[in-house]
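Engineer: So the sequence shown is residues 1 to 76, counted in my numbering.
Where a beta carbon is used, it is the ideal one built from N, C-alpha and C, also for glycine.
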Amino acid sequence: MENRSRPAFITFLQEELQISDSELNIVLRCGETDPCLLSVTLWRYGFITLEMLEHIFDWLANARLHSFELCKTAEI
1 MENRSRPAFI TFLQEELQIS DSELNIVLRC GETDPCLLSV TLWRYGFITL
51 EMLEHIFDWL ANARLHSFEL CKTAEI
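1) Residue range of the alpha helix (DSSP H) that residue 19 falls in?
2) Which runs of the alpha helix (DSSP H) spanning at least 4 residues fall entirely within the stretch 25-56, listed in chain order?
3) Using beta-carbon positions only, say whether residue 39 and residue 12 come within less than 8 Å of one another.
4) So which of 65, 60, 6 and 7 has the shortest CA-CA distance to residue 36?
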């Protein structure tokens with residue numbers, strides 16, 4: 001069951017890429033909250049591969065595009 005209080009990005013990291021709570025906590029303790037920087041930090045710590053990093057960037061691009069489309073639809 002999905003935790004609705006958890007941001008979609010964190011859900012994606014944990015469910016799609018199997019990033020553990022402990023790995024996320026380590027990266028979040030570094031102070032990174034921007035999804036792109038958080039992703040690079042996951043890679044720098046060795047928690048994800050370059051292929052996984054590319055997958056994250058693709059997901060972020062699609063999420064932003066979808067969010068933009070929702071905003072445009074709401075304005076109409």
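Structural biologist: Based on what the coordinates show:
1) Start at 1 with the first residue of the sequence shown, and residue 19 comes out as number 19. Premise fails: residue 19 is in no alpha helix (DSSP H) and is neither H nor E.
2) Entirely contained in the stretch 25-56, the alpha helix (DSSP H) runs reaching 4 residues are, in chain order, 35-44.
3) Position 39 of the sequence shown holds residue 39. Position 12 of the sequence shown holds residue 12. With respect to residue 12, residue 39 sits apart: the two C-beta atoms are not nearer than 8 Å.
4) Counted from its first residue, the sequence shown places residue 36 at position 36. Selection 65, 60, 6 and 7 evaluated against residue 36 yields 60 as nearest (Cα-Cα).
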